[in-house]
Structures are given as structure tokens and as C-alpha cells.
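S.K.: I'd like to ask you about the structure that follows.
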């Protein structure tokens with residue numbers, strides 16, 4: 163079994179997670195830039211973070227046989243902080259980098275006017291750079307958030323079939339599917355979706371353009387949830403080919419729209435800028 167986790171925040175995970183993910187079948191990940199939990203106070207802190215997503219994290223992943231890509235953006239939550247807005251001016255130079263396969267996470271958190279502005283600007287950046295967009299739908303008032311997001315996409319130059327709407331659930335999937343976007347589902351231990359609800363959605367709505375992720379981060383999350391979805395699909399009567407479509411071919415197809423997806427991890431050098439994570443003769 164091969165698994166591609168299309169949304170996971172490995173910056174917040176340990177090297178033991180990489181080892182367990184590889185043993186479970188994970189061979190590729192995309193790490194979206196996101197809010198780190200404590201507010202950033204200047205654009206420069208974003209730039210250091212983006213550099214880590216493009217340098218150190220792929221190096222770390224490659225040591226465990228996993229190909230790592232990222233998406234770059236000003237996230238919705240911090241779009242409300244005027245101190246962070248100048249990072250929008252820095253994004254174009256990062257969106258040219260080979261390891262960047264989409265603009266993201268963009269979208270809504272509290273559905274403010276500031277978030278409207280940041281979302282519109284970054285959808286245009288995606289169109290300008292020939293990249294797809296990974297869009298975060300809000301965790302509160304989800305249906306209103308979905309509709310506001312779809313309106314923003316419709317008003318942009320980015321076609322709907324180059325947009326992945328993430329954190330969908332049973333209340334939002336039908337309207338998102340009808341809009342022609344890609345459908346993203348985050349599977350969590352306590353919140354968002356779980357593997358059994360995910361199987362029910364697949365059974366009702368089909369497999370086309372569906373991506374399943376762990377969205378694992380600093381909180382109560384599990385980087386092996388993608389494998390649990392695969393096992394639940396098989397237990398429910400889906401075929402191995404069905405599993406491969408949802409857990410591998412669909413994310414490959416979406417992020418492949420960037421023209422930058424490399425599914426074989428680059429052989430890691432012994433050191434990354436003087437630092438090595440290799441331990442115990444690995």
C-alpha cells in the first residue's frame with residue numbers, strides 16, 4: 163500500500179512520526195504553511211519558516227524515505243494581523259521554488275474583511291504562477307464559510323478545478339462537489355472527520371477528486387490517520403485500487419497540476435547546513 167498525505171504539518175512532528183508513517187505506507191507528503199500556535203510578530207519570522215519548509219524539512223523526510231513538498235501562503239488566521247501583511251509582498255519569490263506545489267493554506271478562519279482581501283490576493287498569485295490553491299474552510303459556521311469561499315473562487319481568475327477545499331464534512335461536501343473543486347477531508351482523533359465517517363462519505367459521493375489527510379499538527383492529531391482510512395475502506399468492501407485512488411492517485415493528480423511534483427525522495431546528504439538527524443548508524 164502506498165499513501166500520500168496531502169496535508170500534514172511535519173514541522174510539529176518528531177522523527178519517530180516519520181519512521182512510523184513510512185512503516186504504514188506513507189511515501190509522500192505535502193506540508194502547508196500554517197499558524198504555529200503563537201502569533202508571529204513580523205514578516206521575517208514567516209520567511210525563516212518558509213525556508214525551513216523548503217530546506218530542512220525535505221532533508222528530514224528524505225532520511226525516512228518520504229518525499230516532502232510544501233505549499234506557501236499567508237494563513238487565514240494571521241491575515242487579520244496588520245504586522246503580518248507585508249509577507250504578501252514576499253510570496254512571489256517563494257512561489258517560484260521547485261518544492262512549492264500550491265499556494266496555501268489560504269481561506270477563512272473568522273470570515274473577516276481582512277481575510278477576504280488576503281484570500282483574493284493569494285488566489286490571484288496562484289493564477290499568476292500557474293499553481294493550484296489549497297483552501298482552508300473554517301471550522302466554525304462551515305456552510306456559510308464554504309459558500310463565502312466558493313464566491314471568492316468564482317470571482318478570481320483561478321479555475322475551480324485547480325482549487326482544493328479542505329476540512330470538508332458531511333454538511334459541505336455536496337455543494338463543494340457541485341462547484342467542481344477538489345474535495346479535501348481531514349481525519350482527526352476527536353474533531354473534524356473520523357475514518358468511519360470518511361468511508362460513509364466515500365460510499366455516498368464517490369472517489370473522484372477526493373483527498374484524505376491527517377492534518378497532523380501540534381494538537382491532538384495522528385499522522386497515521388490516512389492509513390486508518392485505508393484500512394477502514396478495505397474493511398467496508400472498497401478495493402485496493404479504490405484505496406490507491408483516494409490515498410495516492412488523487413493527491414498526485416491535484417498537486418501534479420503544479421508541474422513540480424517529485425515522488426521519489428532525494429537521497430539525503432549527510433548534513434543539512436551542518437546539522438544531521440541521522441542516529442544509531444541509520
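Residue numbers (my numbering): 163 to 444.
For each residue, glycine too, the CB sits at the ideal point set by N, CA and C.
Bear in mind the structure is a predicted one, so any value in this text is a computation, not a measurement.
Could you check the C-alpha separation between residue 281 and residue 233 for me, to the nearest Å?
M.R.: Each residue's alpha carbon lies about 15 Å from the other.
S.K.: From the DSSP output, in three-state form, read off residue 343 for me.
M.R.: Residue 343 falls in the coil class under three-state DSSP.
S.K.: In chain order, what residues of the same chain lie with their CB nearer than 6 Å to the CB of residue 375, ignoring the 5 residues before and after it?
M.R.: Cβ neighbours of residue 375 beyond the five flanking positions: 167, 168, 169, 348.
S.K.: Given this structure, state the Cα-to-Cα distance separating residue 171 from residue 291, to the nearest angstrom.
M.R.: Taking the straight line joining both Cα atoms gives about 23 Å.
S.K.: Checking 8 Å against the spacing of the C-beta atoms, do residue 231 and residue 263 come in under that value?
M.R.: Against a cut-off of 8 Å, the Cβ pair of residue 263 and residue 231 comes out as a contact.
S.K.: When you compare each of 254, 312, 261 to residue 289 by their alpha carbons, which one comes out closest?
M.R.: Checked all of 254, 312, 261; the closest Cα to residue 289 is 254.
S.K.: What did DSSP end up calling residue 259 once you bin it into helix, strand or coil?
M.R.: Here residue 259 sits in coil by DSSP.
S.K.: Of the choices 317, 368, 336, whose alpha-carbon is the least far from that of residue 304?
M.R.: The shortest C-alpha separation from residue 304 is found at 336.
S.K.: From residue 353 to residue 387, what distance separates their C-alpha atoms?
M.R.: Answer to the nearest angstrom: the Cα atoms are 13 Å apart.
S.K.: Expressed to the nearest angstrom, what Euclidean distance is found between the alpha-carbon atoms of residue 256 and residue 422?
M.R.: Their backbone Cα atoms lie some 14 Å apart in a straight line.
S.K.: If we call anything under 8 Å between Cβ atoms a contact, is residue 294 one with residue 324?
M.R.: Yes; because the gap between Cβ atoms is below 8 Å, this pair is in contact.
S.K.: Residue 355 bridges to which residues according to DSSP?
M.R.: In DSSP, residue 355 forms a bridge with 349.
S.K.: Determine the burial state of residue 333: buried for a count of at least 16 other Cβ atoms within 10 Å of its Cβ, exposed for fewer.
M.R.: The residue in question, residue 333, is exposed, as its Cβ has fewer than 16 Cβ neighbours within 10 Å.
S.K.: Of the choices 203, 317, 213, whose alpha-carbon is the least far from that of residue 259?
M.R.: Nearest C-alpha to residue 259: 213.
S.K.: Sort out for me which residues DSSP pairs residue 170 with in a bridge.
M.R.: Beta-bridge pairing links residue 170 to no other residue.
S.K.: Could you tell me whether the Cβ atoms of residue 373 and residue 400 are closer together than 8 Å?
M.R.: Contact flag unset, no.
S.K.: Are the CB atoms of residue 287 and residue 315 nearer to each other than 8 Å?
M.R.: In this structure, residue 315 does not lie closer than 8 Å to residue 287 by Cβ.
S.K.: By a C-beta neighbour count over all protein chains shown, 10 Å radius and 16 as the cutoff for buried, is residue 382 buried or exposed?
M.R.: Exposed, by the Cβ-count rule.
S.K.: Pull up the distance between the alpha-carbon of residue 446 and that of residue 200, whole angstroms please.
M.R.: Summary: the structure shown does not reach residue 446, with the chain confined to residues 163 through 444, and so no result is reported for it.
S.K.: On the criterion of 16 or more Cβ atoms from any shown chain inside 10 Å, does residue 358 qualify as buried, or is it exposed?
M.R.: Label assigned to residue 358: exposed.
S.K.: Please name the residue or residues paired with residue 379 in a DSSP beta bridge.
M.R.: Its beta-bridge partners do not exist; DSSP assigns none.
S.K.: So, using beta-carbon positions, are residue 277 and residue 238 closer together than 8 Å?
M.R.: Contact: yes.
S.K.: Give me the DSSP bridge partner(s) of residue 233.
M.R.: DSSP output for residue 233 lists 194, 264 as bridge partner(s).
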